[in-house]
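A quick write-up on the structure given underneath.
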Amino acid sequence: MDDAPQVPPGVDPARPSPARVYDYLLGGRHNFEADRAVAEMIKAQAPEIVDAAWANRGFHQRAAKWIAEHGIRQFIDIGSGLPTVGNTHQVVRLAAPDARVVYVDNDPMVLAYGTDLLGDDQAAAVILADMRDPAEVLGNPELRRLIDFTEPVGLLATAGGVRGRQLPRAVAYDRGPEATAGRGGAGQGRPAGGRRHLPPLQG
Ligand SMILES: C[S@@+](CC[C@H](N)C(=O)[O-])C[C@H]1O[C@@H](n2cnc3c(N)ncnc32)[C@H](O)[C@@H]1O
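Okay, so the sequence shown: first residue is 0 according to numbering that gives the first Met the number 0, each after it adds one.
Spelled out as C-alpha cells, the structure:
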C-alpha cells in the first residue's frame, strides 16, 4: 500500500489488532500488512465477514441516531474502532447538533487517528482506556469534561466484545442510585449478514 499510515506511539504494526483488521474489512486505510493478512484469512474462511462488518456499522448508526432522536444529548461509544464512514458524532448530530460524544478504545491507533479526525471539535473526544476497567473509563478527565452524569447517557457498545453488564452498570451507578443500566439509551450489537459490500444507509 503506497499511502501507508503513520505508526503512532504504542502501536506495533507487526502485530494485528482488531481495530485495524475491522478497518481493513470496511475498506479503510488505517491498517498494516499484518492486519490485512489476518483479514484475508478470515475472509477465506467466512466470505460474509465483509457484509457482516457493514451490517454492523449500519446497526451502530441506526441505534445511535435513534437514541439521539429520543432526546439523549451525550454518548459514550465503547470499543469505538477507527474513524470510518458515518462516525458516531456525525450520525447523532443529524438528530441533535449539540450532541457530545466520547469514543473509548484501547488501541493507540484509534486514539491517534480519531483525535486527528475530530480536530478542534470541543464536543467530542477519543480516550484510550480498557472497557474491562470501568473505573479507568469513567474516571478519565476528558470523559468527565463531556459527560454529565446527572443527565441520561447513550451507551453504545457494538461489536467491541463487551460481555456482561459491568460497564453499563458502572455508568448507571455514576448517574446515581436511582439510575438503572441501559436507561437513557444503550445499544449492544453483534455483526449480522447484510447487503453485499454496500455502505450502510445514511439519514
Ligand atoms: C470490531 S471493532 C468495532 C468498532 C465499532 N464499535 C463498530 O461496531 O463498528 C472492535 C473495537 O473494540 C476495541 N476493543 C477491543 N477490546 C477492547 C477493550 N478491552 N477496551 C476498549 N476497546 C476494546 C478494538 O480495539 C476495536 O477497535
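By construction, the Cβ of each residue, glycine as well, lies at the ideal position given by its N, Cα and C atoms.
Since residue i and residue j should fall inside the 8 Å C-beta cutoff, what is the C-beta to C-beta distance between them, to a whole number of angstroms?
i	j	result
residue 91	residue 126	Their Cβ separation, rounded to whole angstroms, is 17 Å, which puts residue 91 and residue 126 out of contact at 8 Å.
residue 38	residue 20	5 Å
residue 77	residue 155	7 Å
residue 93	residue 64	6 Å
residue 104	residue 18	6 Å
residue 97	residue 72	6 Å
residue 85	residue 56	7 Å
Does residue i pass the burial test, meaning 16 or more other C-beta atoms within 10 Å, or should it be called exposed?
i	result
residue 157	buried
residue 82	buried
residue 210	Residue 210 is absent from the model: the chain starts at 0 and stops at 202.
residue 123	buried
residue 99	buried
residue 29	buried
residue 14	exposed
residue 108	buried
residue 133	buried
residue 88	buried
residue 59	buried
residue 40	exposed
residue 2	exposed
residue 128	buried
residue 80	buried
Using 7 Å as the cut-off, classify the Cβ of residue i as near or not near the heavy atoms of ligand 2, replying yes or no.
i	result
residue 104	Looking at this structure, you won't find ligand 2 anywhere; what it does contain is ligand 1.
Beta strand (DSSP E) runs contained entirely in the stretch 32-109, provided each spans 3 or more residues: Counting whole runs of 3 or more residues, the stretch 32-109 contains the beta strand (DSSP E) stretches 73-77 and 99-104.
The stretch 35-49 / the stretch 135-155 touching (three or more Cβ pairs under 8 Å): no
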